[in-house]
Amino acid sequence: MAGVVLVFDFDKTIIECDSDDWVVEGFGVSELFTQLRPTFPLNTLMDFHHDNYQRFTLDAFSRLFFQDRMIMEVQSRGNSTADIAACLRQVPLHPRIVSVIKAAHASGCDLRLISDANVFFIETILKNHGLLDCFSEINTNPSYVDGEGRLRISPYHDFESSSHGCNICPPNMCKGLIMERVQASVSATGKKRFIYLGDGTADFCPGLKLGEDDFLMPRKNFPVWELICSNPKLIRANIHEWNDGEELGDVLSHLVNKISIEENYAVGVDQMVPVHCKFKTSSVPAHAAF
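So the sequence shown is numbered by our numbering: it starts at 194 and just counts up by one.
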């Protein structure tokens, strides 16, 4: 399965919740941020040519300010970075998602992650569920500890020095540009087929980069699904929607098996071993394999 690259969003895709909201609610500061949200500098550097995307992009742009301000507030109340990590380790993952990620990694798929969350949140949660080593690359907003020992979040793209020029994505991260870089980086090792999974508006941009042999898995009734429904001719990839963790696992395992069978035929295999039997030889339990 080395010819398959799986690219995941994180919040509301791998995890059911939004990691920002989880921390805000976990430390009891949700009421404060409901009051503060209208004060975030949403209009800075906003110059859109597609009004249809503006309401989504404004929300996404505010997230970077929200993450940094939220972490500062939590820590100003006497909570340490370790306390925030302990809160994040309580984030649940659907068992079907855990099993399908482990099975995909064990079968040789290349797993990548593109998210507008941040390194600290994502790595803490994935490590707690034994999934961190399954991903060859995590693309997200960097996090660091400042001179006062506080956790801070910085943008993936430095929008203050230059704009990435995308009208769909927030100024701090264009997922489409990251997707193009990933595609270029793996193309040297042979033909790859991509499966992209996501839920938000910014996940529409990398979906535009997929080809006819690739697959786009939007979460049904979420912003990316709505954009696809409104602009179906812009997507070249095969679209397979999903509703929840159970269905995500079922659809993803079906697509990976489909690609495996097609590739076996393409190389002229005379007699193929059933895919489910082949997976049983891996370290993944049979009931969790594809």
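In this text, a Cβ means the ideal position worked out from N, Cα and C, and glycines have one as well.
N-terminal and C-terminal residue of the beta strand (DSSP E) that residue i is part of
i	result
threonine 333	328 to 334
methionine 366	That residue, methionine 366, is in no beta strand (DSSP E); it is neither H nor E in DSSP.
Limits of the unbroken alpha helix (DSSP H) element including residue i
i	result
alanine 278	274 to 281
aspartate 437	Here aspartate 437 belongs to no alpha helix (DSSP H), and DSSP marks it neither H nor E.
glycine 219	212 to 219
serine 356	Premise fails: serine 356 is in no alpha helix (DSSP H) and is neither H nor E.
proline 399	397 to 401
glutamate 419	416 to 423
Closest Cα partner of residue i within the set the options
i	options	result
lysine 413	Asp406, Ile421, Asp407	Ile421
leucine 304	Asn311, Ile294, Phe313	Ile294
glutamate 373	Lys426, Pro411, Met194, Val200	Val200
tyrosine 337	Glu434, Pro348, Phe328	Pro348
serine 223	Val198, Met263, Gly196	Met263
asparagine 332	Glu341, Val284, Ile315	Ile315
alanine 430	Arg386, Thr394, Leu445, Glu439	Arg386
proline 416	Thr382, Ala275, Ile361, Cys367	Ile361
asparagine 321	Ala279, Ser212, Tyr458, Asp443	Ala279
glycine 219	Met265, Leu325, Asp276	Asp276
cysteine 367	Gly342, Phe328, Ala310	Ala310
methionine 288	Asn450, Tyr458, Asp443	One point to set straight first is that residue 288 is proline, not methionine, in the sequence displayed. Of the candidates Asn450, Tyr458, Asp443, the one whose C-alpha sits nearest the C-alpha of proline 288 is Asp443.
glycine 342	Met265, Asp326, Asp204	Met265
proline 399	Gln376, Thr382, Asn450	Gln376
histidine 298	Phe313, Val312, Cys327, Thr317	Cys327
glycine 383	Ile346, Glu456, Phe313, Gly221	Glu456
asparagine 450	Gly221, Lys205, Gly340, Ala296	Ala296
serine 273	Ser446, Val216, Tyr458, Leu225	Val216
Beta-carbon separation (whole angstroms), residue i vs residue j, contact threshold 8 Å
i	j	result
leucine 370	glutamine 268	Leucine 370 to glutamine 268, Cβ: 32 Å. No contact.
leucine 427	leucine 403	No, leucine 427 and leucine 403 are not in contact; Cβ-Cβ is about 11 Å, not under 8 Å.
leucine 286	isoleucine 207	7 Å
proline 411	isoleucine 388	The pair is not a contact, with the Cβ atoms about 12 Å apart (cut-off 8 Å).
leucine 441	phenylalanine 408	No, leucine 441 and phenylalanine 408 are not in contact; Cβ-Cβ is about 13 Å, not under 8 Å.
isoleucine 307	aspartate 202	7 Å
valine 197	valine 379	That pair is no contact at about 10 Å.
glutamate 209	glycine 438	7 Å
glycine 301	methionine 194	4 Å
aspartate 213	glutamine 283	At roughly 15 Å, the Cβ-Cβ gap does not stay under 8 Å, so aspartate 213 and glutamine 283 are not in contact.
valine 291	leucine 324	7 Å
glutamate 395	proline 363	Residue identity differs from the one stated: residue 395 is alanine in this sequence, not glutamate. Between proline 363 and alanine 395 the Cβ distance is about 7 Å, and since that is below 8 Å, they are a contact.
glutamate 434	tryptophan 418	6 Å
Minimum Cβ-Cβ distance from residue i to chain B less than 8 Å
i	result
isoleucine 294	Absent here is chain B; the protein component of the structure consists of one chain.
Bridge partner(s) assigned by DSSP for residue i
i	result
leucine 306	Phe201, Ile331
glycine 301	Beta-bridge pairing links glycine 301 to no other residue.
proline 411	Gly391
asparagine 321	None, per the DSSP bridge assignment.
isoleucine 290	According to DSSP, isoleucine 290 bridges with nothing at all.
tyrosine 337	Arg345
isoleucine 208	Asp204
arginine 185	The structure shown has nothing for residue 185, since the chain only spans 194 to 483.
asparagine 311	Asn334
isoleucine 432	Leu409
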